[in-house]
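Undergrad:
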Amino acid sequence: MGVEFHITRAEFWADNEDAQITADEWLNYINNDDELSRYTINGDYHAFWSGHSLYEDPWLDWNEGNIYTKWPDTYLYRKMLGIARQLNAKVMDDDGTIYSDESQWEYDPSTNS
Numbered sequence: 073m074g075v076e077f078h079i080t081r082a083e084f085w086a087d088n089e090d091a092q093i094t095a096d097e098w099l100n101y102i103n104n105d106d107e108l109s110r111y112t113i114n115g116d117y118h119a120f121w122s123g124h125s126l127y128e129d130p131w132l133d134w135n136e137g138n139i140y141t142k143w144p145d146t147y148l149y150r151k152m153l154g155i156a157r158q159l160n161a162k163v164m165d166d167d168g169t170i171y172s173d174e175s176q177w178e179y180d181p182s183t184n185s
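With this note's numbering applied, the sequence shown closes on residue 185, and no number is skipped along the way.
#1: What does a CB cutoff of less than 6 Å around His118 pick up in its chain, not counting 5 residues either side in sequence?
#2: For a quick check, are the C-beta atoms of Ile79 and Ile170 less than 7 Å apart?
#3: Starting from Glu196, trace the beta strand (DSSP E) both ways and give me its first and last residue.
#4: If Trp177 sits next to Ile139, beta carbons under 8 Å apart, how far is it from one beta carbon to the other, in whole angstroms?
#5: Can you give me the C-alpha to C-alpha distance between Asp173 and Glu83, rounded to a whole angstrom?
#6: Can you tell me whether DSSP reads Asp96 as helix, strand or coil?
#7: Mark Gly115 as exposed unless 16 or more other C-beta atoms lie within 10 angstroms of its C-beta, in which case mark it buried.
#8: What would DSSP say about Leu159, mapped onto helix, strand or coil?
#9: Could you work out which residue in Asp166, Ser182, Glu107 and Asn160 is closest to Lys151 when comparing CA atoms only?
#10: Which same chain residues end up closer than 6 Å to Ala86 when comparing Cβ atoms and leaving out the 5 residues on each side of it in sequence?
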């Protein structure tokens, strides 16, 4: 299972019909960010991040108006905050908790076995 983090414009990520990040916006963002590259084997909107991460292949994907990942490490979380700022959005977990500061989430996957 695991926690998902969403980049969303909605008050609650799952209720975003009137506040979607479009697929075209996401693809445009990927195309203009040197640290992101599409990996369409995993879907049309899947991207890998080449920045510093504790994961071998840190990823982000778009679905139904939100950009998401599972269990972001601290570094990918910080990248998500930057993307959210650029897209006039916010970072939110599955439960609707909003994360707006770098210090609000720290996760090292090597400490979870």
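We treat Cβ as the ideally placed atom computed from N, Cα and C, and that holds for glycine. Note that the structure is predicted; figures quoted are calculated from it, not measured.
TA: With the structure as the only source:
#1: If you number the sequence shown from 1, residue 118 lands on position 46. So the list reads Tyr111 and Asp133, once near-sequence residues are dropped.
#2: Taking the sequence shown and counting its residues from 1, the one referred to as residue 79 is at position 7. Taking the sequence shown and counting its residues from 1, the one referred to as residue 170 is at position 98. Cβ distance not < 7 Å, so Ile79 and Ile170 don't count as in contact.
#3: Residue 196 is absent from the structure shown; the chain starts at 73 and stops at 185.
#4: Stepping through the sequence shown from its first residue, residue 177 is reached at position 105. Stepping through the sequence shown from its first residue, residue 139 is reached at position 67. About 16 Å separates the two Cβ atoms, so there is no contact after all.
#5: On the sequence shown, position 101 is the one that residue 173 refers to. On the sequence shown, position 11 is the one that residue 83 refers to. If I take the Cα positions, the gap works out to 18 Å.
#6: Here the question's residue 96 lines up with position 24 in the sequence shown. Residue state, collapsed to three classes: helix.
#7: On the sequence shown, residue 115 is found 43 positions in, with the first residue counted as 1. Gly115 should be labelled exposed.
#8: Start at 1 with the first residue of the sequence shown, and residue 159 comes out as number 87. If DSSP states are grouped into helix, strand and coil, Leu159 belongs with coil.
#9: Against the sequence shown, residue 151 aligns to sequence position 79. Considering only alpha carbons, the answer is Glu107.
#10: As a first step, residue 86 must be located in the sequence shown, where it is residue number 14. Scanning its chain for C-beta atoms nearer than 6 Å, with the 5 sequence neighbours on each side dropped, one finds no residue around Ala86.
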